[in-house]
Amino acid sequence: MLQEDRTLPFNSLMQKAEEVKHILPCANQICRLALTSLVTVASNERSFSKLKLIKTHLRSTISDERLNSLIVLGVEKDIVDLLDINKIAHQWSILKTDVYKFSVKFIIIFIC
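What follows is the structure, given as structure tokens:
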């Protein structure tokens, strides 16, 4: 019987753990933890390796000016943490809207 339990698929093993839940609650919790940790560790490893690929690609394609700006942000982290990101994003969106309006007016004037 014990030999058969070692070769059970995960879903069958989980069903067996649920069957004995009222008798061995701690064993059920340990079984749940063991079964879910295998999946979560593997998915985390995949996400970290994907993150590593993205970072490598970004480092190889990033411009010097942007890289220098990111270095300054990293070095001056204590100052950056005090900034209100929402206010900066709002000001940036206004700036982009004004540039767009200017571009449209310039094109209309140029065509006419």
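In the UniProt record's numbering, the protein residues as written are 1 to 112. Backbone N, C-alpha and C define an ideal beta-carbon position, used for all residues, glycine too. Keep in mind that this is a model prediction, so the values were computed, not measured.
Could you spell out where the alpha helix (DSSP H) holding residue i opens and where it closes?
| i | result |
| --- | --- |
| residue 67 | 64 to 75 |
Excluding the 5 residues flanking residue i on each side, which residues of the same chain have their C-beta closer than 7 Å to its C-beta?
| i | result |
| --- | --- |
| residue 21 | 28 |
| residue 89 | none |
Below 8 Å on the Cβ atoms is my guess for residue i versus residue j; work out the distance and round it to an integer in Å.
| i | j | result |
| --- | --- | --- |
| residue 31 | residue 13 | 7 Å |
| residue 80 | residue 70 | Their Cβ separation, rounded to whole angstroms, is 11 Å, which puts residue 80 and residue 70 out of contact at 8 Å. |
Leaving out five residues on either side along the sequence, give the residues of the same chain with a beta carbon under 6 Å from the beta carbon of residue i.
| i | result |
| --- | --- |
| residue 1 | Confidence at residue 1 is low in this model, with a pLDDT of 48, below 50, so the placement of that residue should be treated as unreliable; the coordinate-derived value is given next. Cβ within range, chain order: n/a, list empty. |
| residue 94 | none |
Does residue i come within less than 8 Å of chain B when only Cβ atoms are used?
| i | result |
| --- | --- |
| residue 62 | Of the protein chains in this structure there is only one, and it is not chain B. |
Excluding sequence positions up to five away, which residues of its chain have a Cβ less than 8 Å from the Cβ of residue i?
| i | result |
| --- | --- |
| residue 18 | 28 |
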